[in-house]
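Q: Residue numbers (the working numbering), protein chains in the order written: chain G, 25 to 461; chain Z, 79 to 265.
All C-beta atoms in this analysis are idealised placements derived from N, C-alpha and C, irrespective of residue type, glycine included.
Computed from a predicted model, the values in this text were never measured in an experiment.
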């Protein structure tokens with residue numbers, strides 16, 4: 025592995041970031057262990073003793089809520105011989121028993137029973153053998169994050185200007201709360217950062233999603249989903265932003281000259297459900313319907329959460345050239361049921377009609393990156409261009425087709441990769457959980 | 079092109095779908111052997127239309143109030159859960175229209191498929207419709223890879239015989255809980 029800082033230059037990035045297994049191993053440790061990683065949403069484990077499994081990089085994890093409501097990030101690894109102790113995606117449990125030799129843990133991670141206890145050394149103490157835990161957890165508007173980095177900034181500082189943008193997404197719900205429901209799982213043969221590059225990329229829709237843009241124009245006419253990318257997207261006021269710490273933002277809202285609902289592609293049930301809402305809400309119906317379509321923002325929380333449309337997408341690396349993308353349905357709490365029925369169909373719409381083209385292109389990139397002699401990936405668009413604006417909080421905004429957000433997240437990547445970040449685990453009782461908002 | 083017909087999907091249609099789909103594999107006893115030849119005629123013809131990518135001819139076999147649904151396991155109530163897709167006729171037309179733009183990169187080159195339809199059973203539903211269940215494996219070949227998509231499918235057929243037609247098609251992928259390869263052809 026070459027010195028990392030030679031691999032990222034102002035205008036380009038070396039192919040080995042996408043192809044080198046050693047870099048992948050290091051980033052699973054340092055980037056995913058050192059950043060605040062999104063784990064789940066509180067609505068997925070609402071009751072005492074609920075749990076849901078997640079991962080931090082390649083580390084399997086059980087996120088639990090104890091009977092007092094406290095959150096714990098337990099590594100899914102028996103302290104004895106390393107077997108995972110939980111096989112379910114989610115559920116409710118006070119205890120986790122390892123199937124291999126019967127060691128049993130509480131949902132706070134304490135070792136509560138070892139079968140045939142005689143024969144262990146005289147100084148063997150159950151309290152020394154609990155499940156290892158994520159030392160720091162934090163929540164922001166119900167989103168739960170964790171880090172192994174005891175020196176990481178507070179979650180609020182880590183999110184920085186991304187925090188108020190999470191607020192904008194969540195506050196579309198009438199109650200100011202969201203509910204994360206089931207997820208659609210897809211896998212592609214490519215490096216995880218190909219999805220990350222794409223998330224901050226306002227240049228690709230015109231070309232990568234040409235089929236979607238043409239379809240909507242032919243079948244439905246007028247300004248419909250993504251039509252703002254049909255030609256000259258930079259003339260629309262849409263912009264991309266580097267929010268710092270690797271977070272990225274694409275704001276498509278300035279590209280709309282009608283309401284979200286009017287520009288939303290017609291989805292199954294649109295007419296009947298809209299009519300129910302119009303009958304129930306009268307003059308207020310337009311505002312209620314406006315909650316159904318996507319948010320028209322793409323907010324990427326480094327390194328693994330993409331908030332887009334009206335759903336969450338988590339980026340879950342498997343190996344240097346294989347990545348899982350999980351699309352989580354998000355319901356707007358407090359909205360009429362009819363709105364959430366429409367949100368379900370809308371959350372399937374672009375993921376099934378548009379995302380396959382993205383995934384195809386990620387795989388084509390990974391194919392092209394196999395050529396060792398062609399070393400560089402260009403990310404220069406917008407570099408040094410005077411159209412870039414820097415606001416007081418350090419946010420760099422530029423026209424939507426510029427590649428500044430990608431250059432920004434790679435700086436954060438490099439900081440974590442080249443730092444002597446101190447990663448630790450904690451024992452039961454040593455864990456902190458901060459509430460950032 | 080004519081403006082697409084408005085969606086007829088309403089709460090009543092959803093309810094019928096939920097009752098049909100849940101609980102998964104409700105025991106109905108053995109299928110009616112006398113229905114099987116006509117049901118197989120329809121399902122085998124459908125498989126061939128899809129394998130030959132005759133999508134417009136395929137779509138013509140669906141009723142105006144049809145639903146084409148690929149749920150995530152467990153299927154549950156699609157009003158409160160997301161699916162891979164739940165299409166009415168309009169969105170089925172969109173899906174085919176997308177391929178017809180010539181710019182659907184995920185189908186360049188296009189998938190070649192071979193689907194095996196087996197274990198066909200059929201029951202009358204009492205209102206003139208016929209429920210059919212079968213096991214299907216779609217083998218997809220694309221870019222040097224052969225990928226199987228195994229599913230248990232439910233159909234509600236509105237008509238049998240020469241003019242067979244489909245009211246509901248439900249594709250239950252056996253691995254919808256895990257990470258599936260993207261698919262951009264019709265399952």
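Which residues, taken in chain order from the segment 153-164 of chain Z, show a beta carbon closer than 9 Å to some beta carbon of chain G?
A: The residues in question are 154, 156, 157, 158, 159, 160, 161, 162, 163, 164.
Q: Pairing CB atoms from the segment 204-224 of chain G with CB atoms from the segment 254-263 of chain Z, are three or more of them under 8 Å?
A: As far as the Cβ criterion goes, the segment 204-224 of chain G touches the segment 254-263 of chain Z, which means the pair count is three or higher.
Q: Answer yes or no: do residue 82(G) and residue 99(G) have a C-beta to C-beta separation smaller than 7 Å?
A: Contact: no.
Q: If you follow the beta strand (DSSP E) that residue 208(G) is part of, which residue opens it and which one closes it?
A: Per DSSP, residue 208(G) belongs to the beta strand (DSSP E) from 202-212.
Q: Using the beta-carbon count (16 or more within 10 Å), is residue 167(G) buried or exposed?
A: Buried: at least 16 other Cβ atoms inside 10 Å.
Q: Out of curiosity, what's the CA-to-CA distance linking residue 262(Z) and residue 30(G)?
A: Approximately 39 Å, taken between the alpha carbons.
Q: How about residue 248(Z) and residue 99(Z): do their beta carbons lie closer than 7 Å?
A: Yes, they are a contact pair.
Q: Please confirm whether residue 264(G) and residue 422(G) have their CB atoms less than 7 Å apart.
A: Contact flag set, yes.
Q: Give a yes or no on whether 7 Å exceeds the smallest Cβ distance from residue 295(G) to chain Z.
A: Chain Z, which has a Cβ nearer than 7 Å to the Cβ of residue 295(G), makes this yes.
Q: What does residue 121(G) pair with, by DSSP beta-bridge criteria?
A: Note: residue 121(G) sits in a beta bridge opposite 128(G).
Q: Between the Cα of residue 40(G) and those of 107(G), 216(G), 170(G), spot the shortest distance and give me the residue it belongs to.
A: Cα-wise, what sits closest to residue 40(G) is 216(G).
Q: Jot down the residue ranges of each uninterrupted alpha helix (DSSP H) in the segment 365-417 of chain G, minimum 4 residues, whole runs only, in chain order.
A: List check, alpha helix (DSSP H) in window: 379-392.
Q: Is it the case that the Cβ atoms of residue 300(G) and residue 362(G) are separated by a distance below 7 Å?
A: Yes, they are a contact pair.
Q: List, from N- to C-terminal side, the alpha helix (DSSP H) runs of 4 residues or more that fit wholly inside the segment 136-191 of chain G.
A: Listed in chain order, they are 179-183.
Q: For residue 239(G), would you say it is in contact with chain Z, using Cβ-to-Cβ distances shorter than 7 Å as the test?
A: Chain Z contact via Cβ: present.
Q: Using 7 Å as the threshold, is the C-beta distance between residue 116(Z) and residue 238(Z) below it?
A: Cβ distance < 7 Å, so residue 116(Z) and residue 238(Z) count as in contact.
Q: Of all the alpha helix (DSSP H) runs that stay within the bounds of the segment 37-65 of chain G, which reach a length of 4 or more residues?
A: Qualifying alpha helix (DSSP H) stretches, in chain order: 40-43, 45-58.
Q: I need the DSSP call for residue 217(G), collapsed to helix, strand or coil.
A: It is helical.
Q: Could you compute how far the alpha carbon of residue 121(Z) sits from the alpha carbon of residue 107(Z)?
A: For residue 121(Z) and residue 107(Z), the distance between alpha carbons rounds to 21 Å.
Q: Cβ closer than 9 Å: which chain G residues qualify as neighbours of residue 94(Z)?
A: Here the premise fails: no neighbours, minimum Cβ distance about 14 Å.
Q: From what residue to what residue does the alpha helix (DSSP H) around residue 30(G) run?
A: First-last of the alpha helix (DSSP H) with residue 30(G): 28-31.
Q: Apply the 10 Å Cβ neighbour rule to residue 132(Z) and answer buried if 16 or more other Cβ atoms are within range, or exposed otherwise.
A: It is exposed - the Cβ of residue 132(Z) has fewer than 16 other Cβ atoms within 10 Å.
Q: Applying the 10 Å Cβ sphere with the 16-neighbour rule, what's the burial state of residue 35(G)?
A: Exposed, since its Cβ has fewer than 16 Cβ neighbours within 10 Å.
Q: Restricting to Cα atoms, I'd like to know which of 414(G), 218(G), 272(G), 394(G) is closest to residue 384(G).
A: The option with the nearest alpha carbon to residue 384(G) is 218(G).
Q: Consult DSSP for residue 116(G) and reduce its assignment to one of helix, strand or coil.
A: Strand.
Q: In its own chain, which residues sit with a C-beta less than 6 Å from the C-beta of residue 79(Z), not counting the 5 before and 5 after it?
A: Here residue 79(Z) scores only 45 on pLDDT, less than 50, and its place in the model is too uncertain to base an answer on.
Q: Taking Cβ to Cβ, would you say residue 169(G) is nearer than 7 Å to residue 331(G)?
A: Cβ distance not < 7 Å, so residue 169(G) and residue 331(G) don't count as in contact.
Q: With a threshold of 7 Å between beta-carbons, can residue 64(G) be considered close to chain Z, or not?
A: Chain Z, which has no Cβ nearer than 7 Å to the Cβ of residue 64(G), makes this no.
Q: Counting only C-beta atoms, is residue 169(Z) closer than 7 Å to chain G at any point?
A: Yes, residue 169(Z) lies at the interface with chain G (some Cβ there is under 7 Å from its Cβ).
Q: From the DSSP output, in three-state form, read off residue 328(G) for me.
A: Three-state result, residue 328(G): coil.
Q: Note down the Cα distance separating residue 372(G) from residue 334(G), rounded to an integer number of angstroms.
A: Their Cα atoms are separated by approximately 10 Å.
Q: In the DSSP assignment, the alpha helix (DSSP H) including residue 240(G) goes from what residue to what residue?
A: Its alpha helix (DSSP H) spans residues 234-243.
Q: From residue 308(G) to residue 368(G), what does the alpha carbon distance come to, in whole angstroms?
A: In a straight line, the C-alpha of residue 308(G) is about 22 Å away from that of residue 368(G).
Q: Under 6 Å Cβ to Cβ from residue 456(G), same chain only, skipping five residues before and after it: list those, please.
A: Answer for residue 456(G): 160, listed in chain order.
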